[in-house]
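For the sequence shown, counting from 1, position 389 maps to 394 in my numbering; every step adds exactly one.
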Amino acid sequence: MGKNSKSTNKEQLNKIIEEKKVYPVYQPIVSLKTGEIMGYEALSRICLEPCDFNVEEMFSYAEQFCCLWNLEYICRKKALKEIKGDLGNRKLFLNVSPNIFHDNRFKEGMTKEYLDRYQISPDQIVFEVGERTDIKEISTFQKTILHYEKQHYQIAIDDFGKGYAGFNRVFFLHPQYVKIDISLISGIDQDMVKSSLVEGFVKFCKNENIYLIAEGIETEEELKKLIELGVDYGQGYFLGKPDKKLVAIPAEIRKIIKKEQKNSLSPTNTPSFFGTIESICQKRGTTSSDTKALAVFEYFQKHPEISEICVTDKNQKVCGLLTKSYVDACFGGMYGFSLYSRFTVAELLNKNYLEVDYRMPIEMVARLALIRPNHMLYDAIIVSDEGSYIGIVTVKDLLEASVSIQVERALNTNPLTHLPGNMQIDHQISQRLFSKDMFSILYLDLDNFKSYNDAYGFENGDLMIKAMAMCMEDACRNQEFIGHIGGDDFVIISDDYNLEEVFHQIVESFHLCLENLYSEEDYQNGYIHSRNRRGEPETFPLASISGALYTNEKISVSSITDFSYKIALTKKHSKNHVGDYLQKTEDIPFPTEKEVV
Numbered sequence: 006m007g008k009n010s011k012s013t014n015k016e017q018l019n020k021i022i023e024e025k026k027v028y029p030v031y032q033p034i035v036s037l038k039t040g041e042i043m044g045y046e047a048l049s050r051i052c053l054e055p056c057d058f059n060v061e062e063m064f065s066y067a068e069q070f071c072c073l074w075n076l077e078y079i080c081r082k083k084a085l086k087e088i089k090g091d092l093g094n095r096k097l098f099l100n101v102s103p104n105i106f107h108d109n110r111f112k113e114g115m116t117k118e119y120l121d122r123y124q125i126s127p128d129q130i131v132f133e134v135g136e137r138t139d140i141k142e143i144s145t146f147q148k149t150i151l152h153y154e155k156q157h158y159q160i161a162i163d164d165f166g167k168g169y170a171g172f173n174r175v176f177f178l179h180p181q182y183v184k185i186d187i188s189l190i191s192g193i194d195q196d197m198v199k200s201s202l203v204e205g206f207v208k209f210c211k212n213e214n215i216y217l218i219a220e221g222i223e224t225e226e227e228l229k230k231l232i233e234l235g236v237d238y239g240q241g242y243f244l245g246k247p248d249k250k251l252v253a254i255p256a257e258i259r260k261i262i263k264k265e266q267k268n269s270l271s272p273t274n275t276p277s278f279f280g281t282i283e284s285i286c287q288k289r290g291t292t293s294s295d296t297k298a299l300a301v302f303e304y305f306q307k308h309p310e311i312s313e314i315c316v317t318d319k320n321q322k323v324c325g326l327l328t329k330s331y332v333d334a335c336f337g338g339m340y341g342f343s344l345y346s347r348f349t350v351a352e353l354l355n356k357n358y359l360e361v362d363y364r365m366p367i368e369m370v371a372r373l374a375l376i377r378p379n380h381m382l383y384d385a386i387i388v389s390d391e392g393s394y395i396g397i398v399t400v401k402d403l404l405e406a407s408v409s410i411q412v413e414r415a416l417n418t419n420p421l422t423h424l425p426g427n428m429q430i431d432h433q434i435s436q437r438l439f440s441k442d443m444f445s446i447l448y449l450d451l452d453n454f455k456s457y458n459d460a461y462g463f464e465n466g467d468l469m470i471k472a473m474a475m476c477m478e479d480a481c482r483n484q485e486f487i488g489h490i491g492g493d494d495f496v497i498i499s500d501d502y503n504l505e506e507v508f509h510q511i512v513e514s515f516h517l518c519l520e521n522l523y524s525e526e527d528y529q530n531g532y533i534h535s536r537n538r539r540g541e542p543e544t545f546p547l548a549s550i551s552g553a554l555y556t557n558e559k560i561s562v563s564s565i566t567d568f569s570y571k572i573a574l575t576k577k578h579s580k581n582h583v584g585d586y587l588q589k590t591e592d593i594p595f596p597t598e599k600e601v602v
C-alpha cells in the first residue's frame with residue numbers, strides 16, 4: 006500500500022466516523038428445529054461515496070488508526086436505535102472487538118438503563134466475539150466476560166472452526182453460542198470431512214450446553230444436512246439476507262425446516278430411550294391476554310400450589326407465561342395493587358419464556374432449561390406442538406425426570422467404557438429386528454483376551470477394553486449405536502449396510518493400539534506366555550478381533566430365538582478362524598427344517 010493510499014484510507018475513515026456514514030442491517034438467525042427466528046445479527050454497511058474499502062477493511066483500518074472504539078460505538082448505537090421496540094423477545098447479536106470489552110467507556114455504556122431507551126433487556130443482547138483482534142490479556146478478558154454475564158448478557162464465539170483461536174476461546178470463555186465459520190458450511194452436503202467435523206462440534210456443544218449456529222447457509226441441501234447433523238440454529242442468504250428491517254422468514258423455508266425436523270423425529274428413526282418431554286408434561290388451565298391482571302393475582306392467592314400459568318390466544322397458540330412470583334412482585338409494595346389492578350394480562354405479560362416442541366427428548370429440554378439466565382432458571386417450560394399449547398413442565402418435574410434418567414443410565418451403562426449396556430442393546434435390537442427398513446448388527450469380541458488379562462493383570466486388561474471402545478467410537482461416523490455387552494463383547498447397530506467397512510476400520514485402529522498394550526519383547530515376538538484354561542503354560546498370539554455380521558439384506562428371522570440361533574452360529578464360525586476375521590450370517594449354510602428334524 007502506497008503512502009497516498011494509506012492517507013486516503015485514513016481520511017475516508019475519519020469522514021465515516023465524523024459524519025456517521027454507516028447504517029445497520031439485520032440478518033435473521035433461525036431455529037433449525039422449529040423454523041422460527043431466534044434473533045438477528047446486526048451488521049454494518051458503509052454509505053460514504055466514494056469509498057475505497059469494504060466493511061471488513063474498514064474495521065481493520067479503524068484498529069490500525071486507533072479509532073476502533075469510536076467506530077464500534079457508532080455502529081452499535083445505530084443498530085440499537087433502528088429497531089427500537091421491534092425486537093420482541095428475540096436476541097440481538099452485536100459484533101464486538103475483544104479488546105473493546107476492557108474499555109471503561111464500553112462498561113459504562115452497556116448498562117440496563119442505556120438499553121431501556123431502546124426497549125431491550127440485557128438478556129436479549131449477545132456479544133459476538135470474532136477473530137478480528139487477538140485477545141491480549143486472557144485473564145482480564147475472562148473477568149470482563151464474567152462481569153457482563155452477571156448482568157445477564159450472553160456471549161457468542163464467531164468463526165469457530167476457522168482457526169485455533171476459535172477453539173481456544175470456546176474453552177476459556179464458556180460461551181452460550183458458537184458460530185461455525187462459513188468455510189465449513191459451504192458445500193457441507195457434499196464433503197464428508199466437513200460433515201464429520203460439524204458432527205463433532207454438535208456432540209461437543211451438546212455436552213457443554215452450548216448452542217451451535219451455522220453461518221453462511223446458501224443452499225437447501227446445506228440446510229438439510231445441517232438439520233440432519235443436529236445443528237441448533239442457522240444463518241445465511243438461503244434463510245434470509247441482511248435487511249434494514251427485521252424481516253420474517255419465508256413460509257417455504259419454515260416448511261422445509263419443519264419437514265426435515267419431523268423426518269428426523271419420525272418413528273422410523275430411533276426414539277429417545279428415555280422418552281420425550283410430552284411424557285412428563287401436565288395439561289393445565291390457561292388464561293387469555295385480555296384477562297384482568299387482578300383476576301390472575303387472585304387466582305394465584307387461592308391456589309398456592311400453582312406457580313405459573315400459560316397465556317394463550319383463542320386458538321390456543323402460546324403467547325407467554327406468567328409466574329406467581331412475578332405477579333406477586335407487581336402487586337406488592339405501596340402502590341402495586343392500585344396500579345396493576347387496572348392492567349390486563351397482555352400489559353403484564355412476560356415474553357421471555359422457554360417453549361419446546363413436545364417431541365423433544367427430556368435430556369435436551371433439561372439442557373435448554375439449565376442454560377437460561379439465572380432469573381429464569383426456576384420458571385416452568387411450556388410444551389407445544391407447532392406453537393399450540395400442550396402443557397407445562399415444572400422445574401421440579403424436570404429435575405425428577407433427569408435424576409431418573411441418570412439412575413437408569415448408571416444402571417444400564419457399562420462402568421468401564423460408559424457405553425450402553427444390555428437393556429439398551431436389547432431395546433435397539435428388538436426395535437429393528439422385524440422392521441422392513443435396512444439395518445445391520447455387528448457383534449465383536451477380542452480373541453486371546455483372557456490370556457492377556459492373566460499375563461498382564463486386570464488393570465492392563467481394562468486398558469485393552471477401553472482401547473477397543475475408543476476404536477469403535479472413532480470408526481462409527483453415521484450415528485451407529487454402540488453397546489458394551491460385557492467383558493470383551495461389544496455390538497454395533499446401524500440403519501445401513503455399512504458395518505463391514507466399519508469392522509475393517511476398527512481392526513486397523515486396534516492394531517495401532519497394540520504396541521502400547523504389550524511389552525516391546527512380546528510385541529516383536531507376536532505372542533505371549535500365559536496359561537490356558539487348564540492352568541497349563543502355553544503361548545498365545547497377540548489379541549485380535551472376531552466379528553459376526555447380520556443384515557436383513559438377504560437373511561430374515563422369524564423370532565428372537567431364530568435370530569439368537571443364527572447369530573450364535575455366526576459367532577462360532579468367526580471364532581474358528583485365527584486372527585482378525587469377519588463372518589457374515591448370509592455366508593453360513595443353515596440347516597433346513599427337515600435337516601434339523
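Note that beta-carbon positions come from the ideal geometry of N, C-alpha and C, so glycine has one too.
Check: Thinking C-alpha only, which one of S284, S514, D459 and T590 is nearest E543?; Outcome: D459
Check: Give the straight-line distance between the Cα atoms of I593 and Y555, rounded to the nearest whole angstrom.; Outcome: 11 Å
Check: Would you check if the distance between the CB atom of S293 and the CB atom of V323 is smaller than 8 Å?; Outcome: no
Check: Does chain B have any CB closer than 8 Å to the CB of E133?; Outcome: Among the chains in the structure shown there is no chain B, since it carries only a single protein chain.
Check: Go ahead and pull the three-state DSSP assignment for Q436.; Outcome: helix
Check: Put E320 into one of helix, strand or coil per three-state DSSP.; Outcome: Looking at the sequence provided, one finds Asn at residue 320 rather than Glu. It is coil, neither helix nor strand.
Check: With DSSP as the reference, identify every bridge partner of Q32, one or two as the case may be.; Outcome: E46
Check: Whose C-alpha, out of S346, S407, K249 and G290, is nearest the C-alpha of T281?; Outcome: S407
Check: By the DSSP assignment, the beta strand (DSSP E) with Y523 in it spans what residues?; Outcome: Per DSSP, Y523 belongs to no beta strand (DSSP E) and is neither H nor E.
Check: Can you tell me whether A334 is buried or exposed, with buried defined as 16 or more other CB within 10 angstroms of its CB?; Outcome: exposed
Check: Work out the CA separation of I160 and N100 for me, nearest whole Å.; Outcome: 10 Å
Check: Using 10 angstroms around the beta-carbon of P255, count the other beta-carbons present and answer buried if the total reaches 16, otherwise exposed.; Outcome: exposed
Check: Residue ranges of each alpha helix (DSSP H) run of no fewer than 4 residues wholly in the stretch 217-259, ordered along the chain?; Outcome: 225-234
Check: Report the rounded CA-to-CA distance for V236 versus S564, giving the unit in angstroms.; Outcome: 38 Å
Check: Give the secondary structure of P366 by DSSP, where H, G and I count as helix, E and B as strand, and everything else as coil.; Outcome: strand
Check: Helix, strand or coil for S161? Go by DSSP, reduced to three states.; Outcome: Here the sequence assigns Ala to residue 161, which means Ser is not the residue at that position. It is a strand residue.
Check: CB-CB under 7 Å to T575, same chain, minus the five flanking residues each way: which ones, in chain order?; Outcome: A553, Y555, Q588, T590 and I593
Check: Just to confirm the assignment: which complete beta strand (DSSP E) runs, minimum length 3, are found wholly within the stretch 479-550?; Outcome: 486-491, 494-499, 532-536 and 542-546
Check: Cα separation between R539 and S284?; Outcome: 54 Å
Check: Using C-beta distances below 6 Å, list every residue in its chain close to K199, excluding the 5 sequence neighbours before and after it, in chain order.; Outcome: L189 and I193
Check: With 16 other CB atoms within 10 Å as the buried threshold, where does I314 fall?; Outcome: buried
Check: Across the stretch 222-237 and the stretch 9-25, are there enough close Cβ pairs to call them in contact, namely three or more that are closer than 8 Å?; Outcome: no
Check: Would DSSP call E2 helix, strand or coil?; Outcome: A question about residue 2 goes unanswered here, because the residues of the chain that appear run from 6 up to 602.
Check: Over the uninterrupted beta strand (DSSP E) stretch that includes F132, give me the two end residues.; Outcome: I130 to V134
Check: According to DSSP, S445 sits in a beta bridge with which residue or residues?; Outcome: S499 and T556
Check: Please report the residue range of the beta strand (DSSP E) in which S389 lies.; Outcome: I386 to D390
Check: Output yes or no for whether 8 Å exceeds the beta carbon distance between G40 and I386.; Outcome: no
Check: Which residues mark the beginning and the end of the beta strand (DSSP E) in which N100 is found?; Outcome: K96 to V101
Check: Between the stretch 501-521 and the stretch 426-441, can you find at least three pairs of beta-carbon atoms closer than 8 Å?; Outcome: no
Check: Using DSSP bridges, identify the partner residues of I51.; Outcome: V27
Check: Could you please give the first and the last residue of the uninterrupted alpha helix (DSSP H) stretch that includes G341?; Outcome: G341 to Y345
Check: Shortest alpha-carbon distance to I487 belongs to which of Y457, L447, G466 and H509?; Outcome: L447
Check: Which of the three DSSP states, helix, strand or coil, is assigned to G171?; Outcome: At G171 the pLDDT is 48, less than 50, meaning the model places this residue with poor confidence; the figure from the coordinates comes in the next sentence. Of the three classes helix, strand and coil, the one that applies to G171 here is helix, per DSSP.
Check: Quick check: what's the CA-CA separation for V332 versus Y304?; Outcome: 11 Å
Check: Answer with buried or exposed for E227, where buried requires no fewer than 16 other C-beta atoms within 10 angstroms of its C-beta.; Outcome: buried
Check: So what's N274 in DSSP terms, helix, strand or just coil?; Outcome: Any reading at N274 needs caution, since the residue's pLDDT is 33, under 50, leaving its predicted position unreliable; the model's value is listed next. N274 falls in the coil class under three-state DSSP.
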